[in-house]
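**Student:** Residue numbers (my numbering): 906 to 1127.
Beta carbons: idealized from backbone N, C-alpha and C, even for Gly.
On a predicted model such as this, the values are computed, not experimentally measured, just so you know.
(1) Roughly how many angstroms lie between the CA atoms of residue 1111 and residue 1067, to the nearest whole one?
(2) In terms of residue numbering, what span does the beta strand (DSSP E) encompassing residue 946 cover?
(3) Under 8 Å between the Cβ atoms of residue 1062 and residue 1015?
(4) Per DSSP, residue 911 forms a beta bridge with which residues?
(5) Once the 5 residues before and after residue 1035 are set aside, which same chain residues still bring their CB inside 6 Å of it?
(6) As a quick exercise: from 982, 1070, 1051 and 988, pick the residue whose alpha carbon is nearest that of residue 1023.
(7) Find out if the Cβ-Cβ distance for the pair residue 968, residue 988 is shorter than 8 Å.
(8) Are there three or more Cβ pairs, one per stretch, closer than 8 Å when the segment 1025–1044 is compared with the segment 1078–1098?
(9) Using the Cα positions of residue 932 and residue 943, report the straight-line distance between them to the nearest angstrom.
(10) For residue 971, write down the residues that DSSP places opposite it in a beta bridge.
(11) By alpha-carbon positions, which one of 1115, 1020, 1041 and 1073 ends up nearest to residue 1107?
(12) Given this structure, state the Cα-to-Cα distance separating residue 1044 from residue 1025, to the nearest angstrom.
(13) Between 1000, 934, 946 and 1104, which has its C-alpha nearest residue 1011's C-alpha?
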């Protein structure tokens, strides 16, 4: 199973044929130029929903940020949470509203007692150790206390961080994102903003989890 975020294209311009030739089935929630999410899997995924309940009432919607599908025994929720910068703008308020909608959706999923994953770009560094410099990132939406509080509320519903329980966060660098500017990857000036959160039933199925940081070192990895 592969969750893909920020594909920045419509469903019709997504490279579906090439991916199918590589052996994957595809579900896409695309948007021209911005956002967009997709689920790739070796077995056919069964679409559950696109978007979150309440999105339609938000003044900054529609935005392609969420897709959910059953992939075998596990429900996969692939998401691209709003960045929220600058924090003095409506974009930050939109980010907080979006997390609130995600929390309500998660509560409903937990009540169903199905194994599920929330995975993708959450645009939240949970702690200061999840960014290369807490001082330089202070005031940013990904480290803002309100963003972190909403993320904790989500986790405290009973979700498990796959990277944390697998031991991946004990490595010298556990970042998942490096800016393409100022040689951030070469200097390891990264952030941990991408997460895999598991329901109790999904956590029982976990075998391993990690960060394939070497891929970021490829030529044009995106």
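**Tutor:** Let's see:
(1) Locating residue 1111 in the chain shown gives position 206, counting from the first residue. Locating residue 1067 in the chain shown gives position 162, counting from the first residue. For residue 1111 and residue 1067, the gap between their C-alpha atoms comes out near 8 Å.
(2) Taking the chain shown and counting its residues from 1, one reaches residue 946 at position 41. Segment 942–946, the beta strand (DSSP E) holding residue 946.
(3) Looking up residue 1062 in the chain shown gives position 157. Looking up residue 1015 in the chain shown gives position 110. Yes, these two residues count as a Cβ contact at 8 Å.
(4) As a position in the chain shown, residue 911 is number 6, starting the count at 1. Bridge partners of residue 911: none, in fact.
(5) The residue given as residue 1035 occupies position 130 in the chain shown. Cβ-Cβ distances below 6 Å link residue 1035 to 1097 in the same chain, with the five nearest sequence neighbours on each side left out; the list follows chain order.
(6) Reading the chain shown from its first residue, position 118 is the one you call residue 1023. Residue 982 is the option with its Cα nearest to residue 1023.
(7) As a working note, residue 968 is residue 63 in the chain shown. As a working note, residue 988 is residue 83 in the chain shown. No.
(8) Three or more Cβ pairs drawn from the segment 1025–1044 and the segment 1078–1098 lie within less than 8 Å of each other, which places the two stretches in contact.
(9) Taking the chain shown and counting its residues from 1, the one referred to as residue 932 is at position 27. Taking the chain shown and counting its residues from 1, the one referred to as residue 943 is at position 38. Taking the straight line from one Cα to the other gives about 6 Å.
(10) If you number the chain shown from 1, residue 971 lands on position 66. DSSP lists 984 as the beta-bridge partner residues of residue 971.
(11) Within the chain shown, the letter at position 202 stands for residue 1107. Selected option, being the one with the closest Cα: 1020.
(12) Position 139 of the chain shown holds residue 1044. Position 120 of the chain shown holds residue 1025. Computed Cα separation, rounded: 23 Å.
(13) For the purposes of this step, residue 1011 is taken as residue 106 along the chain shown, with counting starting at 1. In terms of CA proximity to residue 1011, 1104 leads the group 1000, 934, 946 and 1104.
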